[in-house]
Amino acid sequence: MPERIKARAADYGLPMYFDMQAKIGHTKHLGGIYVTQKLAELCQLGPGITLLNVGSGSGIYAAYVAERYGCRVIGVDILPAMVESAQRWAEAKGLTELLEFRIADAQDLPFEENQFDALICESVNAFVPDKEKALREYIRVVKPGGYIGFAEAIWVKAPSETVAETIEEATGQQFYSPEIWETLFQNSGLVDLHSENHQLTMRGEARNQSGLISFRDYLRILGRFFWLFFSDRETRSLMKYIGSNPRQYFEYMGFGIFGGRKP
Ligand SMILES: C[S@@+](CC[C@H](N)C(=O)[O-])C[C@H]1O[C@@H](n2cnc3c(N)ncnc32)[C@H](O)[C@@H]1O
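Take -5 as the starting number for the sequence shown in the numbering used here and just add one per residue.
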């Protein structure tokens, strides 16, 4: 990725578009609401449950989960700007009693052991340098019997070197085959393992990314995006760069849902 489009997220080894997303108050993961509902089902979310959402980003999905399933959600993110953005979202939605956001690195969680009923990460672990260490941390903080679920971008078809480089540069993350994530779970000591893979399609993404927020919130986020786009040259460069990622590469891309229960 060109040097000039890097900014503060780069201090944490993360892609610059996270800075833009924190400013506009919107993050997402492949598979959107489908993935979140599936993880909620695996974690058996409901009232009385306390969920740790690692890499909670803008907090939009954490708020959705708290509101729909009535559970308490603690979100952590390594980027302070994301945590601020998530706190603003919780306040705007009137959900501060169910939601709390803190700055923390997935690889070193500031919690005692056996604290959470369940834990989910949506499009986070691909960005975490030491995935085994992070998973050990997740297992440590979840109660025995608690579920740990990941959603991650995956290759559904082996890409050529050029395709892999283009997609990974544009998305700022490394994609893996589903087997890599499955092996991580198989070696972790978790039981009742789950793995499912989905091909990325334009129609599926359009469906999965809609219906999460109100039209009014959507317009607000879009307004912030356009303001940033017209006022910030680096955002324009970044969008041009991301937009140059050809859609036909969708045939290689997908998302996987992986999980397991702490014995
Ligand atoms: C693609 S965004 C997804 C955000 C959110 N889960 C969602 O679906 O909207 C990835 C998030 O993971 C966070 N992140 C990356 N590495 C992290 C780490 N080591 N510890 C905690 N959060 C991390 C990023 O700051 C970013 O907010």
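C-beta: ideal position from N, C-alpha, C; glycine also.
Beta-carbon contacts of residue i that lie in its chain and below 7 Å, excluding the five residues immediately before and after
i	result
residue 41	64 and 65
residue 3	9, 10, 12, 13 and 73
residue 215	18, 19 and 20
residue 29	23, 116, 145, 249 and 251
residue 258	There is simply no residue 258 to check, as the chain begins at -5 and stops at 257 in what is shown.
residue 258	Since the displayed the chain opens at -5 and closes at 257, residue 258 lies outside it and no answer follows.
residue 139	255 and 256
residue 36	141, 143, 188 and 253
residue 217	none
residue 157	243 and 246
Proximal residues to residue i (C-beta, below 8 Å), its chain only, five neighbours per side dropped
i	result
residue 148	169, 170, 171, 172, 175, 191, 247, 248, 249 and 250
residue 124	101
residue 271	Shown here, the chain extends from -5 to 257; a query on residue 271 therefore has no answer.
residue 107	134 and 135
Through-space distance from residue j to residue i, alpha-carbon basis
i	j	result
residue 188	residue 95	28 Å
residue 261	residue 160	Nothing about residue 261 can be reported from this structure: the residues present for the chain run from -5 to 257 only.
residue 260	residue 109	Because the chain in this structure spans residues -5 to 257, residue 260 falls outside the shown range and cannot be described.
residue 81	residue 180	35 Å
residue 38	residue 231	42 Å
residue 60	residue 224	34 Å
residue 71	residue 47	9 Å
residue 31	residue 204	13 Å
residue 202	residue 196	10 Å
residue 89	residue 77	15 Å
residue 25	residue 33	11 Å
residue 208	residue 185	38 Å
residue 57	residue 210	16 Å
residue 220	residue 226	10 Å
residue 126	residue 177	11 Å
residue 258	residue 130	This structure gives no information on residue 258, because the portion of the chain shown stretches from -5 to 257.
residue 155	residue 164	14 Å
residue 337	residue 150	Nothing can be reported for residue 337, as the shown portion of the chain is limited to -5 through 257.
residue 67	residue 27	17 Å
Residue from the options whose Cα sits closest to the Cα of residue i
i	options	result
residue 91	44, 104, 108 and 99	44
residue 79	163, 15 and 198	15
residue 193	152, 97 and 55	152
residue 143	156, 182, 150 and 165	182
residue 52	245, 221, 206 and 243	206
residue 86	222, 54 and 198	54
Buried/exposed call for residue i, threshold 16 Cβ in 10 Å
i	result
residue 200	exposed
residue 6	exposed
residue 112	buried
residue 257	exposed
residue 213	exposed
residue 83	buried
residue 50	buried
residue -1	The predicted model places residue -1 with a pLDDT of 36, which falls under 50 and marks its position as unreliable; any figure quoted below should be read in that light. The residue in question, residue -1, is buried, as its Cβ has 16 or more Cβ neighbours within 10 Å.
Close Cβ partners of residue i (< 6 Å) along its chain, the five nearest in sequence each way excluded
i	result
residue 105	135
residue 98	70 and 104
residue 132	113 and 142
residue 244	194
residue 233	none
residue 166	9
residue 75	16
Chain B within 7 Å of residue i, Cβ atoms only
i	result
residue 62	Absent from the structure: chain B. Only one protein chain is present.
Contiguous beta strand (DSSP E) assignments of at least 3 residues, all confined to the region 143 to 216: 185 to 193
Can you list the beta strand (DSSP E) stretches of 3 or more residues lying completely in the region 19 to 58, in chain order? 44 to 48
Sequence ranges, alpha helix (DSSP H) only - wholly within the region 72 to 127, length at least 4: 74 to 86
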